[in-house]
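Just so you know, my numbering puts 28 at position 27 of the sequence shown, and the rest follows in order with no gaps. C-beta atoms are modelled at their ideal positions from N, C-alpha and C, and glycine is treated no differently.
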Amino acid sequence: MVYTAEPDPLCYTGTTVLKNKMGLRRQDDLDEFELAMFLTRADEDWPSGDLDYGHYKALHRHLFQDVYQWAGKPRTIRIGKGGNWFCYPEYIDREMLRIFSALAASDHLVGLAPQEFAEKAPHVLAEINAVHPFREGNGRTQLAFLSLLAENAGMSFDDDVLVQDRVIQAMIDSFSGDEKPLAKLIRAIVGG
Numbered sequence: 002m003v004y005t006a007e008p009d010p011l012c013y014t015g016t017t018v019l020k021n022k023m024g025l026r027r028q029d030d031l032d033e034f035e036l037a038m039f040l041t042r043a044d045e046d047w048p049s050g051d052l053d054y055g056h057y058k059a060l061h062r063h064l065f066q067d068v069y070q071w072a073g074k075p076r077t078i079r080i081g082k083g084g085n086w087f088c089y090p091e092y093i094d095r096e097m098l099r100i101f102s103a104l105a106a107s108d109h110l111v112g113l114a115p116q117e118f119a120e121k122a123p124h125v126l127a128e129i130n131a132v133h134p135f136r137e138g139n140g141r142t143q144l145a146f147l148s149l150l151a152e153n154a155g156m157s158f159d160d161d162v163l164v165q166d167r168v169i170q171a172m173i174d175s176f177s178g179d180e181k182p183l184a185k186l187i188r189a190i191v192g193g
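Rendered as structure tokens:
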């Protein structure tokens with residue numbers, strides 16, 4: 002699904018193709034390159050950190066550093082998908098700091114049984130998704146962060162459960178306020 006956006010200085014003039022380090026100007030070519038680079042970086046050791054906003058930005062930077070100059074930096078324009086607008090850029094930092102502060106106050110969901118983890122983690126992901134801090138790569142960064150969060154909490158993480166259509170629909174449902182499909186997905190991922 003294509004993003005709705007204000008005129009975007011990150012896109013090549015007259016297109017919706019994001020400027021990228023390879024200078025690719027066709028969306029199909031960029032998608033293929035982005036996926037290849039993402040998969041390469043996803044297989045490497047990820048940045049260590051405190052599961053906070055700075056760590057989240059470092060994770061995005063790591064995953065997309067080969068593709069976008071702005072990897073790891075919050076977006077500066079308004080974007081939406083499917084007729085829904087994400088957090089306006091002027092509020093991104095404040096909202097992300099709020100989300101990660103609440104996550105820290107809950108001890109990053111450590112000490113919970115898998116079922117409890119699967120009940121609490123969806124709200125964190127739903128809130129991060131509603132903010133959508135980056136111009137591209139939000140969903141993949143959210144799932145990468147979920148795996149770090151699960152690992153930190155002593156949970157397993159079965160990425161074979163991550164069927165793209167199911168993940169996308171669960172995130173869309175959570176954006177509309179229904180976190181149950183996302184909770185069910187996370188239960189399957191962590192074995193709860």
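Cut-off 7 Å between Cβ atoms - residues of its own chain near residue i, not counting five sequence neighbours on either side
| i | result |
| --- | --- |
| A131 | F87, C88 and F176 |
| N85 | F176 |
Assumed close pair residue i, residue j - CB separation to whole angstroms, cut-off 8 Å
| i | j | result |
| --- | --- | --- |
| E180 | A127 | 5 Å |
| D94 | P75 | 6 Å |
| L163 | L144 | 7 Å |
| H56 | T142 | Contact flag wrong, Cβ pair sits at about 11 Å. |
| A37 | P48 | Contact doesn't hold; Cβ gap of about 20 Å is too wide. |
| A105 | D53 | 7 Å |
| R136 | W71 | 7 Å |
Helix, strand or coil at residue i according to DSSP, with G and I counted as helix
| i | result |
| --- | --- |
| K181 | helix |
| H85 | With the sequence shown as reference, residue 85 is identified as Asn, and His is not the correct amino acid for it. It is a strand residue. |
| L19 | strand |
| A114 | coil |
| L186 | helix |
| V132 | helix |
| P163 | In the sequence on display, residue 163 carries Leu and not Pro. Note: L163 maps to coil in three-state DSSP. |
| S107 | coil |
| G192 | coil |
| L126 | helix |
| L25 | coil |
Segment limits, beta strand (DSSP E) that includes residue i
| i | result |
| --- | --- |
| I78 | That residue, I78, is in no beta strand (DSSP E); it is neither H nor E in DSSP. |
Residue closest to residue i, alpha-carbon to alpha-carbon, out of the options
| i | options | result |
| --- | --- | --- |
| G138 | L40, R27, L25 and G24 | L40 |
| L11 | T77, G140 and A106 | T77 |
| N81 | P134, R42 and A114 | A quick correction: the sequence has Gly, not Asn, at residue 81. Out of P134, R42 and A114, P134 has the C-alpha closest to the C-alpha of G81. |
| K185 | F65, P115, T142 and L36 | P115 |
| R27 | L52, Y13 and L36 | Y13 |
| I169 | D160, L147, F146 and G140 | G140 |
| R42 | Y54, G50, L52 and F65 | F65 |
Neighbourhood of residue i by C-beta distance below 8 Å, restricted to the same chain and skipping five residues each side
| i | result |
| --- | --- |
| F34 | N21, M23, L25 and V68 |
| F118 | L110, A151, A154, M156, I187, V191 and G193 |
| V18 | C12, L25, R26, R27, Q28 and L31 |
| L147 | A122, L126, F158, I187 and I190 |
Segment limits, alpha helix (DSSP H) that includes residue i
| i | result |
| --- | --- |
| Y69 | That residue, Y69, is in no alpha helix (DSSP H); it is neither H nor E in DSSP. |
| E152 | N139 to N153 |
| A239 | Past the boundaries of the shown model lies residue 239; the chain is included only from 2 to 193, so the question cannot be answered. |
| P8 | First-last for P8: undefined, no H or E at that position. |
| M156 | Taken as a continuous stretch (DSSP letters only), M156 belongs to no alpha helix (DSSP H), as it is neither H nor E. |
| S49 | S49 -> no alpha helix (DSSP H), and no H or E assigned at all. |
Close beta carbons around residue i, own chain, < 6 Å, minus the five adjacent residues each side
| i | result |
| --- | --- |
| L183 | P123, A171 and S175 |
| A189 | V162 |
| D159 | I190 |
Heavy atom of the ligand MG within 6 Å of residue i beta-carbon
| i | result |
| --- | --- |
| N139 | With respect to small molecules bound, the structure shown includes none, and the ligand MG cannot be examined in it. |
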